[in-house]
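Take the sequence shown: its position 74, counting from 1, is numbered 291 in our numbering, and each next residue is one higher. To start, the structure under review is shown below, and the notes come after it.
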Amino acid sequence: MKQVYTFGNYLKDKFGCKVYKVGINISGFTCPNIDGTVAKGGCTFCENDSFSASTGQTQELKGFYLNLSSKTNPNLDKQLAQLEIQFNAISKRQRQEYGAKKFLVYFQSFTNTYAPFETLKALYDKALSFDNVIGLSIGTRSDSITDETLDYLAEINLKKEIWIEFGIQSVYDETLQKINRGHDSANVKEWILKAKNKGLHVC
Ligand code: SF4
C-alpha cells in the first residue's frame, strides 16, 4: 500500500520530534463574511464555538471586533495577554499528557489576518517568542490578507515555519456560492500564488 507523507510526519522529520498544534482563539477577531463587509451569517457550515479555545476569553472584550480598516486597537495588550494565557494552558496540558516538546501556534478561530497589520505583527511576534515554538499556522480567507502581511510572514518564514491555511473549501464557484463563501475561486488562486511566490507554505 502506498504510504501518505502526512503533515505530522513532515514536522517530525524536520524538527526531530512530534510537533503539537496549539489552537488559539483571540477576542476581537471576526470574519468579513460575518460582520457584513462581504456578507452576514457566514459560510453555511460555520460554527466557530465548536472548535475554538475558550481559555482566556473575557466578557470585557465582548462586542469588540477588528477589521482590515481598523485604525487603532485599544485592546492589543489584552489580546497579547490572552494569547499567553491560552498558549501556556494548552501547551502545559500537551506536555503533561503527551510529553510534547515542540509547538506550532495555530491561529485557528475566525479570520486571523483580518486586523490591522500592527496588531497581527504583535500577535505573531509574541507567539513566536514562546519557548519551543517552531512556527505558526494561520487560518484565514483569501480575501482577507494584505500584501503587507504576506511580506512580513515571508520574512519570518526564513527563520521559522510559517503556514497559511486558506480555507478554500472548494475550487468550484457554484459550490462556493451555495455555501455562501463570499469569494470566488479566482480570488483563492490569486492569493495562493502570491503567497507561494513569496516562498510561504500554503495549505
Ligand atoms: S470564513 Fe471561516 S469564520 Fe468566516 S464565515 Fe466562513 S467558516 Fe466562518
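Just so it is clear, CB atoms sit at the ideal spot from N, CA and C, and this is done for glycine as well.
Less than 8 Å separates the beta-carbon of A332 from that of L283. One Cα belongs to I307, the other to N397, and the distance between them is close to 33 Å. In the assembly as shown, G352 is a buried residue. Its beta-carbon has 16 or more other beta-carbons within 10 Å. Three or more Cβ pairs drawn from the stretch 349 to 363 and the stretch 378 to 393 lie within less than 8 Å of each other, which places the two stretches in contact. The ligand SF4 approaches N250 closely enough that one of its heavy atoms is under 7 Å from the residue's Cβ. Between I373 and V405, the C-beta spacing is not below 8 Å.
The C-alpha of A317 is placed about 13 Å away from the C-alpha of G225.
Distance from the CA of F334 to the CA of G245, rounded to the nearest whole angstrom, comes to 14 Å.
Nearest neighbour of K377 by Cα position, chosen from S361, C234, C260, A344, turns out to be A344.
Under the DSSP definition of a beta bridge, W380 partners with S354, H418.
As a beta-bridge residue in DSSP terms, I241 pairs with F324.
In the DSSP assignment, L375 falls outside any alpha helix (DSSP H), carrying neither H nor E. Remark: the C-beta of T328 is in contact range of the ligand SF4, defined as less than 7 Å to any heavy atom. Exclusion of R310 from the 7 Å shell around the ligand SF4 follows from its C-beta lying no nearer than that to any non-hydrogen atom of the ligand.
Here G416 is exposed. Its C-beta has fewer than 16 other C-beta atoms within 10 Å. Around the CB of Q296, 16 or more other CB atoms lie within 10 Å, so the residue is classed as buried.
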